[in-house]
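Residue numbers for the sequence shown follow the numbering used here, so the first one is 490 and each next one is one higher. Backbone N, C-alpha and C define an ideal beta-carbon position, used for all residues, glycine too. If you're wondering where the values come from, they're calculated on a predicted model, not measured in any experiment. Below is one structure, written out as structure tokens; the observations come after it.
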Amino acid sequence: MNALIYLNLDHLHPVINGVWHHARFAAVPAPGDAITTLCGETAVAVFEPMTRRGTSGPPLQCPFCDVAHRRASGWAVRPDHPGLLPRRRP
């Protein structure tokens, strides 16, 4: 007997270095799979229980992924949105 668990792939938000991103997934990535976010960040998928989410404080939202997501969804982007500023790489 199977226990079917439904996941909404639109609500999977990878967190990379304390910043949560948007990504488009065709399927749930397997641990170790490389993923690419809407802003172009890449990382390897790992999974942890939800209880570990708050141990490092709340993640920040990537403003560049937010702009890409808003545009793809047809939503307005404020002219002062931080995701419209030039991106600074470390």
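Item to complete: Quick one: residues in its chain with C-beta nearer than 7 Å to the C-beta of His-558, no 5 flanking neighbours on either side, listed in chain order?
Response: His-511, Leu-527
Worksheet item: From what residue to what residue does the alpha helix (DSSP H) around Val-533 run?
Response: Run containing Val-533: none in the alpha helix (DSSP H); it sits in the beta strand (DSSP E), 531 to 533.
Practice prompt. Determine the direct distance from the alpha carbon of Leu-493 to that of Arg-542, and round the result to whole angstroms.
Written response: 24 Å
Worksheet item: Going by other Cβ atoms of all chains shown within 10 Å of its Cβ, with 16 needed for buried, is Phe-553 buried or exposed?
Response: buried
Worksheet item: Around the Cβ of Val-556, are there at least 16 other Cβ atoms within 10 angstroms (buried) or fewer (exposed)?
Response: buried
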